[in-house]
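Chemist:
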Amino acid sequence: MSTRRIILGGGSGFLGQRIATFLQPLGWEPVILSRSSDSKARFREMQWDAKTVGPWVDTLDGAEAVINLTGRSVNCRYTAKNRRAIMDSRVDSTRVVGEAIARCSQPPRTWLNASTATLYQHTFGPAHDETSTAFGATIDAKDAFSVSVGRAWEKALTDALVPQTRKVALRATIVFGTVRGGVFQVMRRLAKLGLGGRMGSGHQYVSWIHEEDFCRAVEWVLTHEELSGPVNIAAPNPLANAEMMAS
């Protein structure tokens, strides 16, 4: 089976490692862009700062695809410093991936960039799809900052001048997996400490997807070249918060 090189920006985290592990047996050669090197890494690594173009650009030239998953964890207090890091890590990495692709003599055919389903306005009505433009924050959800991050993140992708490369924004929901580093582990620990249970009324919907289905969705988008623009990555049926926390 011939291999196709795929570059994963921020690929040392939970999702990056899960995607690399999933794609490798399917004939992909993962290369991880990481801020720090790991002597025990399972995949080839290149160091980058996720802000500036460097020697890592060479590995993009001739690659089949690039997936940028970079972003400071939101599992933190939303102080001014952390908010800035959450915003800058996403926007800067997206911008510099675009700059790197533009320098390639043989640019990647496909660029998948992480985004967020948090863009969509909180609602109890019909489910959103990719055609929805209802991105406003709501008082109940207290999500003004998160929505602003999502919009800036996708703008950086849209603004990138890479005419030979297909661009897809992965509007992902919460990804549940048992591997260390995922949100499910955090929620399970809180529940074990007696801090679980519903939030508020518990009626609000929570969109989610299992880690295996997330990887399958990514592989599907990679191989369907007719797709571009935003793509929602979510299980078909969101759960009410109370139902999810009771599971």
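In terms of the numbering used here, the sequence shown opens at residue 14 and continues consecutively. By construction, the Cβ of each residue, glycine as well, lies at the ideal position given by its N, Cα and C atoms. Given the structure is predicted, the values throughout are model-derived calculations rather than measurements.
Check whether the Cβ atoms of residue 111 and residue 153 lie closer than 9 Å to each other.
Modeler: Taking 9 Å as the Cβ cut-off, residue 111 and residue 153 do not qualify as a contacting pair.
Chemist: Work out the CA separation of residue 259 and residue 191 for me, nearest whole Å.
Modeler: Taking the straight line joining both Cα atoms gives about 18 Å.
Chemist: Between residue 119 and the rest of its own chain, which residues show a CB-CB distance below 7 Å, the 5 nearest in sequence each way excluded?
Modeler: Hits under 7 Å: 74 and 75.
Chemist: What do you reckon, is the C-beta of residue 112 under 8 Å from a heavy atom of the ligand NAD?
Modeler: With respect to the ligand NAD, the structure shown offers nothing to examine, as it has no ligands at all.
Chemist: When you compare only the Cα positions, how much space is there between residue 69 and residue 79?
Modeler: Each residue's alpha carbon lies about 12 Å from the other.
Chemist: What whole-angstrom Cβ distance do residue 88 and residue 22 have, given they're in contact under 8 Å?
Modeler: About 20 Å; that fails the 8 Å criterion.
Chemist: Short of 7 Å in beta carbon distance, which residues of its chain neighbour residue 240, apart from the five on each side in sequence? Order them along the chain.
Modeler: If we look at residue 240 and ignore the five residues flanking it on each side, its Cβ neighbours are 181 and 234.
Chemist: Return the Cβ separation of residue 129 and residue 163 in integer angstroms, given the expectation that the two are a contact with Cβ distance under 8 Å.
Modeler: The pair is a contact, with the Cβ atoms about 5 Å apart (cut-off 8 Å).
Chemist: Please classify residue 235: does DSSP put it in a helix, a strand, or coil?
Modeler: Reduced to three states, the DSSP call for residue 235 is helix.
Chemist: Per DSSP, which one or two residues make a beta bridge with residue 81?
Modeler: Its beta-bridge partners are 22 and 126.
Chemist: How many Å lie between residue 103 and residue 85 at the Cα?
Modeler: Taking the straight line joining both Cα atoms gives about 7 Å.
Chemist: Give me the residue from 174, 170 and 176 with the minimum Cα distance to residue 184.
Modeler: Nearest option by C-alpha distance: 170.
Chemist: So, at 7 Å on beta carbons, what are the nonlocal neighbours of residue 36 in its own chain, with the 5 sequence-adjacent residues on each side left out?
Modeler: So the qualifying residues of the chain are 19, 43 and 232.
Chemist: Rounded to the nearest angstrom, what separates residue 218 and residue 253 at their Cα positions?
Modeler: C-alpha separation (whole angstroms): 4 Å.
Chemist: Return the residue from the list 131, 136, 176 and 139 that minimises the CA-CA distance to residue 161.
Modeler: Residue 131 is the option with its Cα nearest to residue 161.
Chemist: Taking the continuous alpha helix (DSSP H) assigned at residue 166, which residues delimit it?
Modeler: Unbroken alpha helix (DSSP H) run through residue 166: 157 to 172.
Chemist: Please report the distance separating the alpha-carbon of residue 41 from that of residue 17.
Modeler: Near 5 Å, if we compare the C-alpha coordinates of residue 17 and residue 41.
Chemist: For the alpha helix (DSSP H) that contains residue 189, what are its first and last residues?
Modeler: Unbroken run through residue 189 is the beta strand (DSSP E), 187 to 189; no alpha helix (DSSP H).
Chemist: Whole angstroms is fine: what's the gap from residue 99's alpha carbon to residue 142's?
Modeler: If I take the Cα positions, the gap works out to 25 Å.
Chemist: With DSSP run on the structure shown, which of helix, strand or coil describes residue 180?
Modeler: Reduced to three states, the DSSP call for residue 180 is strand.
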